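The structure appears below as structure tokens.
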Amino acid sequence: MAIQEQELSGPWQPPVRVIGSRRRRRTVQARLRSGVLEVLVPESMPERERLRWAGIMRARIERQLQRAQPTDNRLEERAQALNRRIFGGRLRWNSVSFAEQGRRWGSCSYTAGVVRISHRAAKLPSWVLDYLLVHELAHLEHADHGPAFWELVMRFPMAERARGYLMAIDHGFGEGEGEEETLRP
Ligand SMILES: [Zn+2]
2 MAIQEQELSG PWQPPVRVIG SRRRRRTVQA RLRSGVLEVL VPESMPERER LRWAGIMRAR
62 IERQLQRAQP TDNRLEERAQ ALNRRIFGGR LRWNSVSFAE QGRRWGSCSY TAGVVRISHR
122 AAKLPSWVLD YLLVHELAHL EHADHGPAFW ELVMRFPMAE RARGYLMAID HGFGEGEGEE
182 ETLRP
């Protein structure tokens, strides 16, 4: 086994270890081990190819990590897209971010224009996360849960279904692996 480490360009820059294996013939594999990106390549692979594959695998794993943990930036982007789609682009806010919310899924400070979404919502299917955003964003116009508020929220086509989804989780049902796939429309 030959081991080499090198720097890679890109937004996510883990230490990279390219490992050449004599037993490996054609396939390239990558894994993240204690923060180090290990790229397993055939021993015979030339230096330039190894570098190319290290770059490809870094980008691939970075995408997987981004999907697994939506960041505040992605939340902000989703909120802007929903603002255009559901609210005609008229909403304004100061911040939309993930935060510790206890048992709540989210909250909205009407006066400060601050929308917070629970960290645990990061693992929800994207359409349920979008519902939470629509719900909290609608509170920027209506602080209460009156008819005008619900009329706004129901413009989001999956609103009823997402409410049911969240209620099921709140009651201890529907938790666990696989629910995202079975319930995704
Ligand atoms: Zn509410």
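When we follow this note's numbering, the leftmost residue of the sequence shown carries the number 2, and every step to the right adds one.
Using N, Cα and C, we set each Cβ at its ideal position, and we do this for glycine too.
Note that this is a predicted model, so its numbers are computed, not measured.
{"query": "Reduced DSSP category for G107 - H, G, I as helix; E, B as strand; rest coil", "result": "strand"}
{"query": "Residues sharing a beta bridge with E39, DSSP", "result": "R18 and R32"}
{"query": "Inter-residue spacing [alpha-carbon to alpha-carbon] between E48 and R61", "result": "20 angstroms"}
{"query": "Contact between the stretch 128-146 and the stretch 156-166 (3+ Cβ pairs under 8 angstroms)", "result": "yes"}
{"query": "Under 8 angstroms between C-beta atoms of I57 and L41", "result": "no"}
{"query": "E63 and W94 closer than 8 angstroms at C-beta", "result": "no"}
{"query": "Bridge partner(s) assigned by DSSP for S119", "result": "A100"}
{"query": "Three-state secondary structure (DSSP) of E142", "result": "coil"}
{"query": "Beta-carbon proximity check, A80 vs L138, cutoff 8 angstroms", "result": "yes"}
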